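Numbering (my numbering), first residue to last: 3 to 128.
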Amino acid sequence: MDKSSMLGLRTVVYMVDDLEKAKEWYMKAFNAEPYYDTPYYVGFNIAGYELGLHPKEKAKGIDNGTVLSYWGVEDVHKTYKNLIDLGATKHEEPNNVGGEIELATVYDPWKNIIGIIYNPEFKLPN
């Protein structure tokens with residue numbers, strides 16, 4: 003099989019109704035400060051990957067949706083509880099999906115789905 007042209011997760015953008023409130027929540031949830039902060043986009047560098055926040059666009063009554071992605075964690079249960087404690091709500095509780103791989107998903111306060119995964123098989127390239 004040929005090597006994939008996909009380089010892996012680089013950017014995830016969540017659409018939010020209130021950019022300031024979302025920025026504050028994500029700063030706590032990811033224990034990070036934004037490196038890029040404007041009225042139309044807030045960007046965080048999370049271990050070399052981009053987490054972006056963008057205001058939902060209401061033009062012509064069309065919602066620009068949401069994004070689902072999985073963020074690697076060391077402890078799915080602990081991280082899941084922390085996100086719930088910060089105001090997230092249950093989407094899919096922590097569960098084993100095979101081998102040692104565990105995942106869970108939550109709704110953030112803006113109804114975006116945040117996926118978290120523990121996968122000891124995943125290694126970033128050197």
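Backbone N, C-alpha and C define an ideal beta-carbon position, used for all residues, glycine too. Note that the structure is a prediction, hence the values are computed from the model and not measured.
Review point. In this structure, what does DSSP give as the bridge partners for K92?
Key: Per the DSSP secondary-structure output, K92 pairs in a beta bridge with V108.
Practice item. Jot down the residue ranges of each uninterrupted beta strand (DSSP E) in the stretch 13-89, minimum 3 residues, whole runs only, in chain order. Key: Complete beta strand (DSSP E) runs here, min 3: 13-18, 38-40, 43-48, 51-57, 70-74.
Check your understanding: Which residue from I118, K25, P36 puts its Cα closest to that of T81?
Key -> Per the Cα distances, I118.
**Study point:** Closest residue to K83 among G74, P96, W73, S71 (Cα-Cα distance)
**Key:** Closest option to K83, Cα to Cα, is P96.
Check your understanding: Using 8 angstroms as the threshold, is the stretch 24-35 in touch with the stretch 44-59, meaning 3 or more CB pairs across them?
Key -> The stretch 24-35 makes contact with the stretch 44-59: 3 or more CB pairs, one atom from each, lie closer than 8 angstroms.
Practice item. Kindly indicate which residue of V14, T13, Y43 has the alpha-carbon position closest to the one of K25. Key: Selected option, being the one with the closest Cα: Y43.
Point to revise | Alpha-carbon spacing of W112 relative to N47, whole angstroms | key: Straight-line Cα distance between these residues: approximately 21 angstroms.
Point to revise | Where G10 sits in the DSSP three-state scheme | key: For G10, the predicted model reports a pLDDT of 49, less than 50, meaning its position is unreliable and no value from the coordinates is stated.
**Study point:** Contacts around Y109, its chain only, beta-carbon distance under 7 angstroms, and the 5 residues preceding and following it disregarded
**Key:** Closer than 7 angstroms at the Cβ level, and outside the excluded window around Y109, lie A90, T91, H93, I115.
Practice item. Select from N121, S71, E123 the residue whose C-alpha is nearest the C-alpha of V14. Key: Among N121, S71, E123, the Cα nearest to that of V14 is on S71.
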